[in-house]
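Worksheet for the structure shown next.
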Amino acid sequence: MNLSEIQSKSTSELHVLAQDIGVNVEGASNKRHDLLAKILSIYAEKDDSVKAKGVLSVSKDGYGFLRTYSAGNTSIGSNGSSSDVYVSQSQIRKHSLRPGDMILGAVRAPKDGERYFGLVNVDTINDVNTSSLQNRQYFERLTPLHPEEMIKMEIGQKRLSNRVIDLVSPIGRGQRGLIVAPPKAGKTTFLKDMAEGITQNAPDIHLMVALIGERPEEVTDMTRSVNGEVYASTFDEPVEDHCKVAELVLERAKRLVESGKDVAILLDSITRMTRAYNLSAPTSGRTLSGGIDPVAFYPSKKFFGAARNAEDGGSLTILAACLVDTGSRMDDVIYEEFKGTGNMEIHLDRRLSERRVYPAIDIAKSGTRREELMLSPETLKQTWLLRRMISLMNSQSNPDSKTSVDVVEQIFNRLKATKTNQEFLDKLNKDASAKSAK
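Under my numbering, the letters of the sequence shown match residues 143 to 580, in that order.
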């Protein structure tokens, strides 16, 4: 029996299960936690061990908790809930457990005076036997390289956002990308499209989504839409919760990369993460423009800077949304601080979204550093031709530096008329050759 299966049942279903296995519920406490404890005790008496699977979060005092993992969704707060599993210091030392490890092991019911379920033994760590992880390496010692293997996003003719990404701002394994988004520019839908593109085209990549300070309904929507681990802390929770969720996501990703796996994190958003650290971190006595403490940038930069293509195997791709044009000076300062730290940027344009032109991507301002490492020479030449064509069309219709909405609409209409990006590029190349011949 799996603990997450028991915990997923409603209280009425737990009462039915308790009666089926012989638990006397008459006169018993109506508390859900007490009912769970009685059920686990019966299973223990029958020598039918109950297993629990969760992500390890270690406290400053050395002990930890397994944040129970169920149905691809992990959601935690700053304090352990009654559904979490306590992990002692001795077990952490014995198995050399690290924060973010995915632990599977047998658990016992809480004893008198205890609040949490207890971990009895460890069966697997990150889906591998404990004996196989004695000499695992440390993430900080991995050598970072430029992304060299492209993650194809294109998944169909009508999913234009993914097709545009492949054309103007390709994403590679180990990319550190910033999605610069004003309000109501389609950021959430854009992130879901990216998640679907990764899932369909690169199923070997372990997908994680971190929602910091999001609306509760957005968390539910993302959990049901994305085939991956979703970690969330909603805006109505304390800022300490936001920080702990972000830290757990990063540690979980590091453990996977140490095992040689490719991981992708979609973060929404790095702006709210920095705001949370600004409120929770000890003050340094200095204040930047907008009222932000310089200390608040360090944890967020540590998170964003962890993205890398490791020479020794494995990669960590981080695509983080950054909010702009919100009317807050602090948000502008946060964007200025992170601008240029990534090796890929995608800019969303509010003018396009107001005209209901989606995806609202500013093609001229979006791009990827060292894209020649991921694209073939022929494809690279064709994408450069596309950019020159857009620049020429824009200079004729719009004298300022911003990409004309009409120009973007023309490009999108041509994309819709073709089934694949390759067909679009071939047609573009043919048209350019015909014009030069004239």
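A virtual CB, placed ideally from N, CA and C, is assigned to each residue, including glycine.
Just grab the DSSP bridge partners of residue i for me.
{"i": "Cys464", "result": "Val322"}
{"i": "Tyr373", "result": "Ala352"}
{"i": "Ala194", "result": "Gly247"}
{"i": "Phe259", "result": "Val227"}
{"i": "Val571", "result": "Note that residue 571 is Asn in the sequence shown here, rather than Val. For Asn571, which the question treats as bridged, DSSP gives no partner whatsoever."}
{"i": "Thr210", "result": "Gly196"}
{"i": "Val264", "result": "Gly247"}
{"i": "Leu409", "result": "Ala352, Ala462"}
{"i": "Gly509", "result": "Glu487"}
{"i": "Asn144", "result": "Lys193"}
When the Cα atoms are used, what is the spatial distance from residue i to residue j?
{"i": "Asp573", "j": "Pro286", "result": "41 Å"}
{"i": "Glu296", "j": "Met535", "result": "25 Å"}
{"i": "Arg556", "j": "Lys523", "result": "19 Å"}
{"i": "Ser575", "j": "Leu527", "result": "11 Å"}
{"i": "Arg257", "j": "Arg174", "result": "12 Å"}
{"i": "Gly214", "j": "Met531", "result": "Legend: pLDDT at Gly214 = 42, less than 50; position of this residue unreliable, value from coordinates given subsequently. Gly214 and Met531: Cα-Cα distance of roughly 44 Å."}
{"i": "Leu494", "j": "Tyr228", "result": "50 Å"}
{"i": "Thr562", "j": "Gly447", "result": "34 Å"}
{"i": "Ile245", "j": "Lys253", "result": "22 Å"}
{"i": "Ile553", "j": "Tyr440", "result": "40 Å"}
{"i": "Ser401", "j": "Asp346", "result": "13 Å"}
Tell me the DSSP secondary structure of residue i in three-state form.
{"i": "Glu382", "result": "helix"}
{"i": "Asp243", "result": "coil"}
{"i": "Asn451", "result": "strand"}
{"i": "Glu565", "result": "helix"}
{"i": "Gly314", "result": "strand"}
{"i": "Met486", "result": "strand"}
{"i": "Val158", "result": "helix"}
{"i": "Met292", "result": "strand"}
{"i": "Ile503", "result": "strand"}
{"i": "Val306", "result": "helix"}
{"i": "Ile340", "result": "helix"}
{"i": "Pro519", "result": "helix"}
{"i": "Leu287", "result": "strand"}
{"i": "Asp346", "result": "coil"}
{"i": "Asn271", "result": "strand"}
{"i": "Asp404", "result": "strand"}
{"i": "Ser457", "result": "strand"}
{"i": "Tyr280", "result": "coil"}
Report the CB separation of residue i from residue j in whole angstroms; it is logged as a contact under 8 Å.
{"i": "Met292", "j": "Met486", "result": "About 11 Å; that fails the 8 Å criterion."}
{"i": "Leu392", "j": "Tyr373", "result": "Rounded, the Cβ-Cβ distance is 10 Å, inconsistent with contact."}
{"i": "Ala462", "j": "Ala323", "result": "The Cβ separation is near 10 Å, so there is no contact."}
{"i": "Glu356", "j": "Phe332", "result": "Between Phe332 and Glu356 the Cβ distance is about 14 Å, and since that is not below 8 Å, they are no contact."}
{"i": "Val133", "j": "Leu208", "result": "It is not possible to answer for residue 133, since the shown part of the chain is limited to 143 through 580."}
{"i": "Arg315", "j": "Thr459", "result": "6 Å"}
{"i": "Ile234", "j": "Val270", "result": "Not a contact, Cβ separation roughly 17 Å."}
{"i": "Gly251", "j": "Leu182", "result": "Rather than Gly, the amino acid found at residue 251 in this sequence is Ala. Confirmed, Cβ separation roughly 4 Å."}
{"i": "Ile412", "j": "Met472", "result": "Their Cβ separation, rounded to whole angstroms, is 13 Å, which puts Ile412 and Met472 out of contact at 8 Å."}
> Between the stretch 393 to 407 and the stretch 344 to 357, do three or more beta carbon pairs fall short of 8 Å?
Replying inline: yes
>> I want to know whether the stretch 420 to 431 touches the stretch 451 to 469 - three or more CB-CB distances under 8 Å.
In response: no
> Would you call the stretch 452 to 460 and the stretch 474 to 481 touching, i.e. three or more CB-CB distances under 8 Å?
Replying inline: no
>> I want to know whether the stretch 261 to 269 touches the stretch 413 to 425 - three or more CB-CB distances under 8 Å.
In response: no
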